[in-house]
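Numbering (this note's numbering), first residue to last: 4 to 254. Every residue gets a Cβ at the ideal spot worked out from N, C-alpha and C, and that includes glycine. Below is one structure, written out as structure tokens, with a few remarks after it.
Shown next, in the form of structure tokens:
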């Protein structure tokens with residue numbers, strides 16, 4: 004039996020407190036019948052505020068990034084204890100924009116994964132290939148390398164780990180990975196986990212990459228897609244509610 008879907012919004016560098024308040028006043032009434040697990044990765048400045056806005060729901064609130072040192076002279080960074088101090092339930096690690104714009108390496112992402120799990124902070128690990136890598140038929144090689152780094156020497160705390168496949172070429176571009184392409188890559192990840200990290204073989208694997216109401220249901224119907232990581236389409240309450248309510252597990 005397929006597990007309950009997980010739908011996570013990544014707000015990136017958007018929304019003030021006032022805008023967040025307006026969003027949730029519209030969003031929450033629209034998802035009363037949803038049975039999916041729902042999460043929001045919000046800017047650091049909103050974590051505590053949004054936690055208060057959703058306190059009467061089952062919505063989880065997390066960050067979009069974290070540093071691997073617990074404290075120190077690291078100007079502009081946020082530590083795991085700081086995230087936990089403001090009530091963050093989880094954090095994203097390794098998003099493609101962090102890899103591309105901020106030059107995060109697989110080794111840095113590996114260090115963040117180890118630090119988060121060693122300190123009991125749940126994570127969503129993002130992996131994915133660029134358009135050039137896909138065109139050169141390197142998709143599975145790239146995914147394998149990212150998986151090898153991301154899962155290296157992790158403590159066996161599988162409830163704290165979610166994996167997200169996000170083809171870089173389909174993020175914010177309007178290009179879509181078909182449900183078949185997404186399923187193929189999710190199946191590869193699942194088989195890799197079964198072979199190399201069997202303790203993590205049953206974790207949820209989300210899909211991220213130009214998710215919208217028009218393709219959400221088809222993506223969620225795939226056997227190895229356990230949920231969605233949603234970017235731009237999560238910024239409008241009506242649009243994101245439609246995605247949440249497209250889950251086959253909605254009542």
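Item to complete: Assuming residue 157 contacts residue 116 (C-beta within less than 8 Å), just tell me the rounded distance between them.
Response: By one-based count along the chain shown, residue 157 stands at place 154. By one-based count along the chain shown, residue 116 stands at place 113. Indeed, because the Cβ distance is near 6 Å, the residues count as touching under 8 Å.
Worksheet item: In whole angstroms, what separates the C-alpha of residue 57 from that of residue 227?
Response: Numbered from its first residue, the chain shown carries residue 57 at position 54. Numbered from its first residue, the chain shown carries residue 227 at position 224. Each residue's Cα considered, the two are about 29 Å apart.
Discussion item. Tell me the residue span of the beta strand (DSSP E) that contains residue 63.
Written reply: The count along the chain shown starts at 1 and reaches residue 63 at position 60. Run containing residue 63: 63-66, per the beta strand (DSSP E) assignment.
Worksheet item: How long is the line joining the alpha carbons of residue 178 and residue 132, rounded to whole angstroms?
Response: One-based indexing of the chain shown puts residue 178 at position 175. One-based indexing of the chain shown puts residue 132 at position 129. Going by the C-alpha atoms only, they are around 14 Å apart.
Worksheet item: Can the beta-carbon of residue 113 be found closer than 8 Å to that of residue 75?
Response: Position 110 of the chain shown holds residue 113. Position 72 of the chain shown holds residue 75. In this structure, residue 75 does not lie closer than 8 Å to residue 113 by Cβ.
Worksheet item: Since residue 36 is in the beta strand (DSSP E), which residue starts that stretch and which ends it?
Response: Counting from one through the chain shown, the residue named residue 36 turns up at place 33. Unbroken run through residue 36: none, as it is neither H nor E.
Worksheet item: Are the CB atoms of residue 83 and residue 122 nearer to each other than 8 Å?
Response: Translated into the one-based positions of the chain shown, residue 83 becomes position 80. Translated into the one-based positions of the chain shown, residue 122 becomes position 119. Yes, these two residues count as a Cβ contact at 8 Å.
Discussion item. Using DSSP's beta-bridge definition, name the partner residues of residue 1.
Written reply: Here the chain covers residues 4 to 254 and nothing more, so residue 1 does not appear.
Worksheet item: Ends of the alpha helix (DSSP H) at residue 99?
Response: Locating residue 99 in the chain shown gives position 96, counting from the first residue. Here the alpha helix (DSSP H) through residue 99 covers 99-104.
Worksheet item: Under the three-state reduction of DSSP, which class applies to residue 167: helix, strand or coil?
Response: Locating residue 167 in the chain shown gives position 164, counting from the first residue. Residue state, collapsed to three classes: strand.
Worksheet item: What are the partner residues of residue 12, as DSSP defines its beta bridges?
Response: Stepping through the chain shown from its first residue, residue 12 is reached at position 9. Residue 12 is bridged to 43, 233.
Worksheet item: Under three-state DSSP, which class holds residue 79?
Response: Start at 1 with the first residue of the chain shown, and residue 79 comes out as number 76. The answer is coil: DSSP assigns residue 79 none of H, G, I, E or B.
Worksheet item: In the segment 140-197, which residue ranges form an unbroken alpha helix (DSSP H) of at least 4 residues, counting only runs that do not cross its ends?
Response: 142-153
Discussion item. If you measure between the beta carbons of residue 39 and residue 9, is that distance less than 8 Å?
Written reply: Counted from its first residue, the chain shown places residue 39 at position 36. Counted from its first residue, the chain shown places residue 9 at position 6. The answer is yes: Cβ separation under 8 Å.
Item to complete: Give me the Cβ distance between residue 45 and residue 69, rounded to the nearest whole Å; I'm assuming they're in contact under 8 Å.
Response: As a first step, residue 45 must be located in the chain shown, where it is residue number 42. As a first step, residue 69 must be located in the chain shown, where it is residue number 66. With a Cβ gap of about 13 Å, residue 45 and residue 69 do not count as contacting.
Item to complete: May I have the straight-line CA-CA distance separating residue 232 from residue 224, to the nearest angstrom?
Response: Residue numbering aside, residue 232 sits at position 229 when the chain shown is read from its first letter. Residue numbering aside, residue 224 sits at position 221 when the chain shown is read from its first letter. So the two alpha carbons sit approximately 15 Å from each other.
Worksheet item: Roughly how many whole angstroms lie between the Cα atoms of residue 96 and residue 129?
Response: Mapped onto the chain shown, residue 96 falls at position 93. Mapped onto the chain shown, residue 129 falls at position 126. Computed Cα separation, rounded: 6 Å.
Worksheet item: Using a Cβ-Cβ cut-off of 7 Å (strictly less than) and excluding sequence neighbours within five positions of residue 53, which residues of its own chain qualify?
Response: One-based indexing of the chain shown puts residue 53 at position 50. Cβ within range, chain order: 23, 43, 45, 64.
Discussion item. Just to check my reading of the structure: residue 174 and residue 212 have Cβ atoms closer than 8 Å, yes? What is that Cβ distance to the nearest angstrom?
Written reply: Translated into the one-based positions of the chain shown, residue 174 becomes position 171. Translated into the one-based positions of the chain shown, residue 212 becomes position 209. At roughly 5 Å, the Cβ-Cβ gap stays under 8 Å, so residue 174 and residue 212 are in contact.
Discussion item. Let's see if you can read the secondary structure: which residues bound the alpha helix (DSSP H) around residue 112?
Written reply: Within the chain shown, residue 112 is the residue found at index 109, counting from 1. Run containing residue 112: 109-121, per the alpha helix (DSSP H) assignment.
Item to complete: Using the Cα positions of residue 221 and residue 184, report the straight-line distance between them to the nearest angstrom.
Response: Position 218 of the chain shown, counting from 1, holds the residue named residue 221. Position 181 of the chain shown, counting from 1, holds the residue named residue 184. When rounded, the distance between both Cα atoms is 12 Å.
Item to complete: To the nearest angstrom, report how far apart residue 7 and residue 88 are at their CA atoms.
Response: If you number the chain shown from 1, residue 7 lands on position 4. If you number the chain shown from 1, residue 88 lands on position 85. Approximately 29 Å between the Cα atoms of the pair.
Item to complete: Below 8 Å on the Cβ atoms is my guess for residue 13 versus residue 237; work out the distance and round it to an integer in Å.
Response: The residue given as residue 13 occupies position 10 in the chain shown. The residue given as residue 237 occupies position 234 in the chain shown. Right, their Cβ atoms sit about 7 Å apart.
Fill in: Beta-carbon contacts of residue 254 that lie in its chain and below 7 Å, excluding the five residues immediately before and after
Translated into positions along the chain shown, residue 254 becomes position 251. Because the pLDDT of residue 254 is 37, which lies under 50, any placement of that residue in the model is unreliable, and the number read from its coordinates should be weighed accordingly. Closer than 7 Å at the Cβ level, and outside the excluded window around residue 254, lie 36, 38.
Worksheet item: Rounded to the nearest angstrom, how far is the Cβ of residue 266 from that of residue 206, given a contact under 8 Å?
Response: Only positions 4 to 254 of the chain appear in this structure, which leaves residue 266 out of reach.
Item to complete: Kindly list the residues whose CB is nearer than 8 Å to the CB of residue 246, restricted to its own chain and excluding five residues on each side of it in sequence; keep chain order.
Response: Here the question's residue 246 lines up with position 243 in the chain shown. Counting only Cβ-Cβ distances below 8 Å, and skipping sequence neighbours, we find 10, 214, 215, 216, 219, 231, 233, 236, 237.
Worksheet entry | CA-to-CA distance, residue 145 to residue 194, given in whole angstroms | Here residue 194 refers to the residue found at position 191 of the chain shown. Here residue 145 refers to the residue found at position 142 of the chain shown. Using only the alpha carbons, I get a separation of about 15 Å.
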